[in-house]
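Down below is the structure, laid out as structure tokens.
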Amino acid sequence: MNRKLMLALLGAALTLSAAAAEAQVYVRIGPPPPVREVVPVRPVGHSNWVWQRGYHRWDGGRYVWVPGAYAAPPRPHARWVPGHWARRPSGWYWIDGHWR
């Protein structure tokens, strides 16, 4: 296949995947209160792992609880910023957690 055509197709695919990743779903029903979790002891040998608390995920027609878990930070001194639901006039939308 022509090199220019391949590059054009690759660029289009990357653009479409980036646009899909930024799409937000708005939910008219607010999320339920968080489930109380008992935070387990950190896994042995992983003293730098961080607890990422659970959250309610929208599953197309209802909220589903995703339990918390420990995760290894991507770099030293990284801080986990939890995801959360935010409200706008058009409904509720999820803001992903991220490392800072």
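Sequential numbering of the sequence shown, starting at 10, is according to the numbering used here. Think of the CB as a built atom: it goes at the ideal place given N, C-alpha and C, for glycine as much as any other residue.
Bridge partner(s) assigned by DSSP for residue i
i: Tyr72; result: Trp67
i: His107; result: Val90
Nearest-angstrom Cβ-Cβ length linking residue i and residue j, presumed shorter than 8 Å
i: Arg62; j: Pro40; result: 13 Å between Cβ atoms; not a contact.
i: Trp108; j: Trp94; result: So it is not a contact: roughly 20 Å between Cβ atoms.
Residue i (DSSP reduced to helix, strand or coil)
i: Gly100; result: strand
i: Ala81; result: coil
i: Gln33; result: coil
i: Val59; result: strand
>> I'd like to know if the segment 66-74 and the segment 47-56 are in contact, where contact means that at least 3 CB-CB pairs between them fall below 8 Å.
In response: no
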